[in-house]
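These protein sequences, in sequence, are chains A and B. Take any residue in the first sequence, count from 1 to its spot, add 17: that is its number in my numbering. Take any residue in the second sequence, count from 1 to its spot, add 17: that is its number in my numbering.
There are 2 protein chains.
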Amino acid sequence: MRPVAVLGIGQTKVEEQWEKSLRELAGDAILAAMQDAGVETADALYVGNMMSGSASHQQHLGSYIADWVGLRFAEAARVEAACSSGAAAFRSALIAVSSGEVDVAIAVGVEKMTDSPTEEITAQLATAADADWELDMGLSFVALNALAMRRYMEQYKWDKISFAPFSINSHANAVHNPYARFHEPITEEQFRKATMVAEPICIMDASPMGDGAAAAILVPAERVRSIPGRPRIRVIGSGAATDSIAIHGRRNPLWLRAAELSAKAAYAQAGITPRDIDLFELHDAFSIMAALSLEATGFAERGQAPRLALDGEIRPTGSIPICTLGGLKARGHPVGATGMYQIVEVTRQLRGEAGGSQVPDARIGMAQNIGGSGSNIIAHILQVD
Amino acid sequence: MRPVAVLGIGQTKVEEQWEKSLRELAGDAILAAMQDAGVETADALYVGNMMSGSASHQQHLGSYIADWVGLRFAEAARVEAACSSGAAAFRSALIAVSSGEVDVAIAVGVEKMTDSPTEEITAQLATAADADWELDMGLSFVALNALAMRRYMEQYKWDKISFAPFSINSHANAVHNPYARFHEPITEEQFRKATMVAEPICIMDASPMGDGAAAAILVPAERVRSIPGRPRIRVIGSGAATDSIAIHGRRNPLWLRAAELSAKAAYAQAGITPRDIDLFELHDAFSIMAALSLEATGFAERGQAPRLALDGEIRPTGSIPICTLGGLKARGHPVGATGMYQIVEVTRQLRGEAGGSQVPDARIGMAQNIGGSGSNIIAHILQVD
């Protein structure tokens with residue numbers, strides 16, 4: 018396998034983009050990434066997307082988007098792994114380039130959620146869970162996470178307010194990210210008074226949907242050496258793992274085994290330990306998922322992630338900055354695009370281009386994207402030379 | 018890139034499988050392939066599927082099916098490229114194994130179409146075309162193909178009955194394939210009298226939908242040497258290409274440029290020419306697609322594919338046997354599974370296990386899977402040592 022680098026990145030703002038079609042959104046991100054990379058074509062396009070078949074009555078996004086961005090005749094396919102579709106597309110592109118089969122690959126994540134009625138999108142999101150054994154019981158996705166959070170609070174003796182720092186950190190970090198959906202910092206008081214969605218998950222624990230797209234250009238690492246004046250961002254580790262699709266199938270519903278396995282695989286490939294990670298774009302779809310992720314990937318002891326957050330260690334100046342440009346909570350969670358937003362954000366941090374959200378001296382960053390309630394988790398580690 | 022072999026294959030019958038769920042169908046094919054290969058686990062699962070999100074209210078098939086077949090914790094994702102989803106999943110598995118990132122990969126194609134009302138499935142199939150510029154004009158998929166066939170007949174001066182040999186050949190070959198949907202040979206008289214679907218496409222020009230799954234186990238080729246008494250089937254060529262998603266975007270609507278490009282890439286990788294191919298599992302979703310495929314991949318001159326068929330050259334004893342186990346027309350076309358049925362069928366032929374449909378002395382076989390109306394085409398060439 019040959020080493021691979023991220024040569025260019027592009028993204029759209031996460032918001033209600035009613036005036037843009039699915040292909041325009043994806044196209045805007047891809048063309049921005051191609052311009053950033055200084056490339057005019059590519060051999061392959063991998064599209065991460067979850068729900069365009071129902072939300073936009075359009076499948077076959079590989080051909081659909083390749084055609085739109087002037088890559089007609091290139092290889093193209095869609096990769097779907099529910100909310101981890103973005104990272105799954107990135108991993109496909111990574112493996113294709115590292116194999117030598119493809120020289121220039123584009124990975125894009127795109128999702129258009131706000132054209133459809135919310136109840137339709139809620140039903141679509143639930144198709145990431147087990148249709149026979151979870152959905153037929155009437156469980157929505159937020160309800161599944163609420164059950165996990167309640168059990169966590171009971172087992173490890175935390176109150177609801179101990180989760181507030183996750184949301185406060187994400188919102189504070191999004192203020193300087195022009196692509197984020199929200200730019201308003203929130204206070205503990207606002208968190209305490211927030212509307213309940215599915216007890217104990219309040220609206221400040223839950224990431225918002227949105228429309229958006231983010232893209233990256235991947236090339237063999239040796240190629241980037243010839244571009245002067247730009248730091249080279251290499252992908253030094255990648256790992257993917259699944260778990261039972263239904264939470265009830267797991268020995269311990271509070272342990273994200275797929276997060277543990279995928280992170281360990283990525284650490285081993287990179288030859289590093291969690292201590293070497295300077296920032297971590299994790300999948301805070303709900304506060305409880307941020308906590309479980311930190312534990313499974315080796316940054317906190319079991320049941321102790323809220324302690325890390327309460328101590329300020331997850332902030333940009335802490336020991337493990339997370340959600341440095343807003344995370345899912347404040348940048349927004351256009352599901353199939355989220356994994357690619359994370360890659361774009363880690364790249365911005367490692368290039369030193371994160372502006373007011375810059376993590377000082379960031380050299381190594383990790384992105385972790387979760388599909389379903391922890392049933393498909395993909396980790397990538399990037400390093401600046 | 019290291020060489021890759023197909024170690025095992027499995028499939029279900031194509032029919033109305035109302036008593037089996039999506040995961041049971043996929044599981045039956047995967048477990049049969051694992052048993053055939055003599056492996057008890059795998060590192061990665063790639064699922065080709067087009068429409069489970071709407072037809073079965075279940076997305077996230079990577080985790081869903083990995084969990085079901087006992088591959089919990091393995092890497093898994095779904096790959097979608099409309100009707101070429103099966104080949105796209107196979108190509109993902111191939112690249113993953115050849116890259117060295119994965120040692121044992123499973124590719125499975127699965128589709129469940131007959132639980133839903135036909136008009137719903139017709140609407141779903143149409144999401145493979147261009148939603149904005151084809152579907153909004155009221156075109157269904159068969160209508161798009163009817164327009165192409167009519168133009169072909171006009172341009173190259175063929176009558177409708179000249180397409181009969183494609184259908185007659187597929188039905189004759191399916192008789193000995195226990196996994197095929199139809200086992201009834203048809204006559205030219207039956208073709209002539211067949212119900213019209215979308216003129217000039219009659220029901221004998223059109224492949225039937227169905228439920229089914231087919232799977233293959235891919236491993237590094239050097240690993241297979243150690244299994245005595247079994248011929249080794251290597252993947253010696255692979256290519257993928259797209260074209261404009263809407264037919265009206267193409268310079269020549271009767272030339273499958275993506276078929277030409279993907280086949281040429283596969284020929285080059287394999288170091289062979291069309292003359293070396295002993296059998297060709299092509300994508301006869303409609304007779305016109307069989308004709309266009311034979312021309313674009315180098316087996317017939319432009320406008321002359323019906324001649325090849327009328328001369329009997331596409332039969333098992335001809336110069337280029339096609340659809341040797343029934344093709345899409347008579348084996349059936351469970352869309353996202355079709356590409357994997359083709360891989361399974363080529364493997365059966367090269368192993369000499371095709372029974373009454375065996376092509377004599379088959380050494381090299383090609384499979385070609387088409388997504389949309391020619392907008393995504395993937396070719397694979399397999400060889401027995």
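Every residue, glycine too, gets a C-beta built ideally from N, C-alpha and C.
- Secondary structure note for B/S255: it is in no alpha helix (DSSP H), and the uninterrupted beta strand (DSSP E) holding it is 250-259.
- Residue pairing for B/V125: DSSP places it in a beta bridge opposite B/V64, B/A232.
- Straight through space, the alpha carbons of A/G391 and A/Q321 are spaced by roughly 19 Å.
- Counting only residues of its own chain and dropping the five nearest sequence neighbours on each side, B/A215 has a CB closer than 8 Å to the CB of S157, V159, A160, N162, A163.
- Annotated as proximal: A/A307 and A/I339, with beta-carbon spacing under 8 Å.
- If the five residues before and after A/A43 are omitted, its C-beta is found closer than 6 Å to the C-beta atoms of I82, V125, V127, A230, all from its own chain and listed in chain order.
- Taking a C-beta cut-off of 7 Å against chain A, the contacting residues of the segment 91-112 of chain B are A91, E92, A93, A94, R95, V96, E97, A98, A99, A105, S109, I112, listed in chain order.
- The beta carbons of B/S187 and B/G79 sit no closer together than 8 Å.
- Separation of A/P351 and A/G65 (C-alpha to C-alpha, rounded to the nearest whole angstrom) is 11 Å.
- Take B/S101, set aside five residues on each side of it, and the residues of its chain with a beta-carbon closer than 7 Å to its own are G356, N386, I387, G388, N393, I394, I395, in chain order.
- In terms of beta-carbon proximity, B/D120 stays away from the interface with chain A, with every pair separated by 8 Å or more.
- When the Cα atoms are used, B/R209 and B/P217 turn out to be separated by approximately 11 Å.
- Ranked by how close their Cα comes to the Cα of B/G256, the residues A/A61, A/A50, A/V56 have A/A61 in first place.
- Using a Cβ-Cβ cut-off of 9 Å, A/L152 is close to H74, Q75 of chain B, given in chain order.
- In this structure, A/V401 lies near A/I250, with their beta-carbon atoms less than 8 Å apart.
- Our two residues, B/A282 and B/G254, have alpha carbons roughly 8 Å apart in a direct line.
- Judged by pairs of C-beta atoms under 8 Å, the segment 171-178 of chain B does not touch the segment 101-112 of chain A, as fewer than three such pairs exist.
- For B/Y81, the nearest CB of chain A lies under 8 Å from its own CB, placing it at the interface with that chain.
- Neighbours of B/S261 in chain A, taken as residues whose beta carbon is under 7 Å from its own, are D84, R89 in chain order.
- Looking at the DSSP output, A/A223 shares a beta bridge with A/F303.
- With its beta carbon less than 8 Å from one in chain B, A/A257 belongs to the interface.
- Excluding five sequence positions before and after B/R324, the CB atoms of its chain that fall closer than 8 Å to its own CB belong to A317, given in chain order.
- Within the model, the alpha-carbon separation for A/I360 versus A/A384 is close to 6 Å.
- Burial of B/Q141 is indicated by the presence of at least 16 other C-beta atoms within 10 angstroms of its C-beta.
- In the DSSP assignment, A/I289 forms no beta bridge with any residue.
- What B/N393 touches in chain A, judged by beta-carbon distance under 8 Å, is H77, G79, S80, A93, A94, going in chain order.
- Burial is judged here by how many other beta carbons sit within 10 angstroms of a residue's own beta carbon; B/D228 has at least 16 and is buried.
- Here B/N393 carries a strand assignment [DSSP, helix/strand/coil].
- Counting only the Cα atoms, B/Q366 lies some 22 Å from B/E239.
- In the assembly as shown, A/D378 is an exposed residue. Its beta-carbon has fewer than 16 other beta-carbons within 10 Å.
- Closer than 7 Å at the C-beta level to chain A, one finds these residues of the segment 117-144 of chain B: G117, E118, T144.
- Between B/T341 and B/L299, the C-beta gap is not smaller than 8 Å, which leaves the two residues out of contact.
- Burial check for A/T58: the Cβ neighbour count within 10 Å stays below 16, so the residue is exposed.
- With 16 or more other Cβ atoms inside 10 Å of its own Cβ, A/H77 counts as buried.
- About 6 Å separates the beta carbons of B/S184 and B/I203, which is inside the 8 Å limit, making them a contact pair.
- Comparing alpha-carbon positions, the option among B/G87, B/T144, B/V192, B/D293 lying closest to B/G373 turns out to be B/V192.
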